[in-house]
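Notes to accompany the following structure.
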Amino acid sequence: MADLRDQLAVQAEHAAGAARAPGPAATLRRARGRRRRRLGGRVALSLLLVAGLGGLTSRLLEGREPASPPQTTTPAQRQAAPLWTAEGAASELMAPRDRTQAAAGDLVVAATGFGPEGRTRAYDPRSGRQRWANRTGPNAFVVAAGGGLVVAAPQYGPLIGLDLATGEERWRFELAEGQGPESGTIAGDTLFIGTSFPSEGAVDPPIVNALDLASGRERWRAVLDPGTDLQWAAPVVGGGQVLVADTLSHEGSAPTSHLHALDADTGRRRWRADLHAPEQGFFAEGPVVSEGLAYVAATSGMLLAVDTRTGREVWRDQGGFPLVAGVQDGLVIALVGGDRLVGFDAVTGARRWQTPVGRGESEQWAVLDGDAVLVTGDGAVVAADAATGAARWRAAVGDAVGQPVAAGERVYVATQDRLVAIDRASGTTVWGSARVRPAAAPLVTSGRIVVATRDGTLLGFAP
Amino acid sequence: MQDEHDFEDFYAAVFDRLVGQLFLVTGNLQDAEDAVQEALTRAALRWPRLRSYHVPEAWVRRVAMSLASDGFRRFRRRLTVVVRLRADLEARQAGPAEVPGLMEALRALSVAQRKVVVLHHLLDLPVEQVAAELGVPVGTVKSRLARARGALAARLGPATRAEGLRDQEGAGNHG
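The listed protein sequences correspond, in order, to chains A and B. Going by the working numbering, the residue at position 406 of the first sequence is 1710; the numbering climbs one at a time, nothing skipped. Going by the working numbering, the residue at position 133 of the second sequence is 144; the numbering climbs one at a time, nothing skipped.
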């Protein structure tokens, strides 16, 4: 066998040969854009955005080409300028996009900063004015918000409880070395939060904590199975129990993954259900609970229905990777295999209807919106009847970033290069922003549509 | 303009090589490219000063290595998406060919261990310089190297173990 150095050199050469460089020109443009932002200041940038000078604004904001050319879209009826712009308001480009900002009370809270100076900031969504900032550390994200508190945490803790109104620190909950928090759920006066040890090779068991929300004091801790990490989704709390799903820490670290039910008062495990998934994979969505059944997607591609009292598996579907939009009128509606929307009988799992939908190159989402299901993919948003699966409209607005959000008479969609408002009834595009690069799904709060862009800016739009 | 020409030459010379090195740390080509591209963007901002450095590539590598520390959670997020769109996997960027057993063995190490392995065994940096690059004590580097070599030897076989032992003995001669 060749020695280690030779093997490393050969492997590095293989990787170097497969690398795809964006190129020095794009890099210089990106660097110039950052330099301009530093020099230009907030006032000038805001004026340009209000003036709606899309191309110039885009160059100032980004200073580089989009990573991929924009999809063919239906031309927006009207170009909407943002009412306000807040710079330095969102995490940098490489932060996980579902953790960039959150609506909390009448504020938008954003954990910002990739370096050691990371802060959690709160903004008034009506004006974009910063209400407060707290130095919560690098790569922090908002774990949960509610009950007058925002809980933020750097990548490996501690958990920091902040007063939502003032940003003042109320408490800290320290984590062990290498222990990283997942998203949390606030129910009543308790924060339920899972933590994992995500370093590669680590097999320490994940821990679920219940903390007193006001003081940060631990009420209980439940240690789960070695060799697993918790899913990203926040715990689902209801019926006196806490549901969390796990996955393998790495290949072969555990025989399979499970859905765990913990007593909400004591943390004692009531049951665990086998998810039949002996491989690693992470879902951002937790189980959906309705009428005594929990519907949970497994990495193996199964959709499982589990009795929430006993953990007994009631039915399963193995038709492709499921993304559950929700449960309505006795149907579990899910995007399956990325290319079809399926209505399952909630009790038996029988397929009542299925509708083909386009597959996209970016993320796909499916959400319930009243009696409709909104599905993204293939550069479009599709609205389908939740009872029959029949398509109502298709709006070719481009690949979505995050899930579509329905509010009032509109559906708001962040695409790869703009924010778009669609008429909820007809699917007609009502307005679109100038070119920006959204980093996450829009937030609808206090009569504003707030979107974070990948250059670290928050923009507030009128509905 | 001369600065920009210099930077373009520099970029062309180092991008692929750095991605190759970072791949050994991240185990994922996209993460390696992201880290190197971000490090080069930061280098472009500082290029008038950086170009006078004896080895500006070392600065970029250090920044990229630092970024790679935060890569695991991003990788997990990406995996979430990939799981959702598994049928599209084949259409995505192909990973590089892998030396049999090597990447599996490297992935079993911590990111910190992989960094010392790459800097010391691939780039032949003495232990003291590895410590300086990573901002950790020399003893920490030695300890990580010892554990990494032990783990690699267990997976890759005795030839690696022998090589590792030679290295350990000779570590003091590098600096």
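By construction, the Cβ of each residue, glycine as well, lies at the ideal position given by its N, Cα and C atoms.
Item                                                                                                                           : Value
CA nearest to the CA of residue 1479/A, picked from 1764/A, 1433/A, 1513/A                                                     : 1513/A
Start and end residues, beta strand (DSSP E) containing residue 1727/A                                                         : 1723-1727
Cutoff 7 Å: residue 1312/A Cβ touching any chain B Cβ                                                                          : yes
Same chain, Cβ closer than 7 Å to residue 1490/A, five either side skipped, listed in chain order                              : 1448, 1450, 1451, 1517
Cβ contact (3+ pairs, closer than 8 Å) linking the segment 1468-1476 of chain A and the segment 1430-1442 of chain A           : yes
In DSSP terms, what residue 1628/A is bridged to                                                                               : 1638/A
Start-to-end residues for the beta strand (DSSP E) that takes in residue 59/B                                                  : Where residue 59/B is concerned, there is no enclosing beta strand (DSSP E), although the alpha helix (DSSP H) it sits in stretches over 58-61.
Pairwise C-alpha distance: residue 1556/A and residue 1584/A                                                                   : 9 Å
Any chain A beta carbon closer than 7 Å to residue 144/B                                                                       : no
Bridge partner(s) assigned by DSSP for residue 1473/A                                                                          : 1466/A
Burial state of residue 1732/A (16 or more Cβ within 10 Å)                                                                     : exposed
Beta-carbon neighbours of residue 1539/A, restricted to chain B and to distances below 7 Å                                     : Simply none; closest approach about 17 Å.
Beta carbon proximity, residue 41/B to chain A, threshold 7 Å                                                                  : no
Under the three-state DSSP convention, the category residue 1554/A falls into                                                  : coil
Residues of its chain near residue 123/B, where Cβ-Cβ distance is below 7 Å and the 5 sequence neighbours each way are ignored : 155
C-alpha distance - residue 1739/A paired with residue 1563/A, whole-angstrom precision                                         : 42 Å
First through last residue of the beta strand (DSSP E) which encompasses residue 1659/A                                        : 1655-1660
Buried versus exposed, by CB contacts within 10 Å (16 or more), residue 160/B                                                  : buried
Backbone secondary structure at residue 1592/A - three-state DSSP                                                              : strand
Residue 1321/A, enclosing alpha helix (DSSP H) - first and last residue                                                        : 1308-1322
Length at least 4, wholly inside the segment 1683-1716 of chain A: the alpha helix (DSSP H) runs in chain order                : none
Contact with chain A by residue 133/B, beta-carbon distance below 7 Å                                                          : yes
C-beta atoms of residue 1331/A and residue 151/B nearer than 7 Å                                                               : no
Residue from 1686/A, 1606/A, 1749/A, 1633/A with nearest C-alpha to residue 1645/A                                             : 1686/A
Where the alpha helix (DSSP H) through residue 154/B begins and ends                                                           : 149-167
Between the CA atoms of residue 110/B and residue 1593/A - distance to the nearest angstrom                                    : 46 Å
Sequence-distant residues of the same chain with beta carbon closer than 8 Å to residue 1494/A, five excluded per side         : 1514, 1515, 1516, 1517, 1523, 1568
Residue-chain proximity (residue 22/B, chain C), Cβ-Cβ < 7 Å                                                                   : The structure shown contains no chain C; the protein chains it does contain are A and B.
Nearest neighbour of residue 1511/A, chosen from 1548/A, 1520/A, 1492/A [CA to CA]                                             : 1548/A
7 Å Cβ cutoff, residue 27/B in contact with chain A                                                                            : yes
For residue 123/B, the first and last residue of its enclosing alpha helix (DSSP H)                                            : 122-128
Cβ pair residue 1413/A, residue 1446/A closer than 7 Å                                                                         : yes
For residue 1522/A, the residue or residues it bridges with in DSSP                                                            : 1515/A
For residue 1389/A and residue 1763/A, believed in contact at Cβ under 8 Å, the rounded distance                               : 6 Å
Proximity test, Cβ basis, 7 Å: residue 127/B and chain A                                                                       : no
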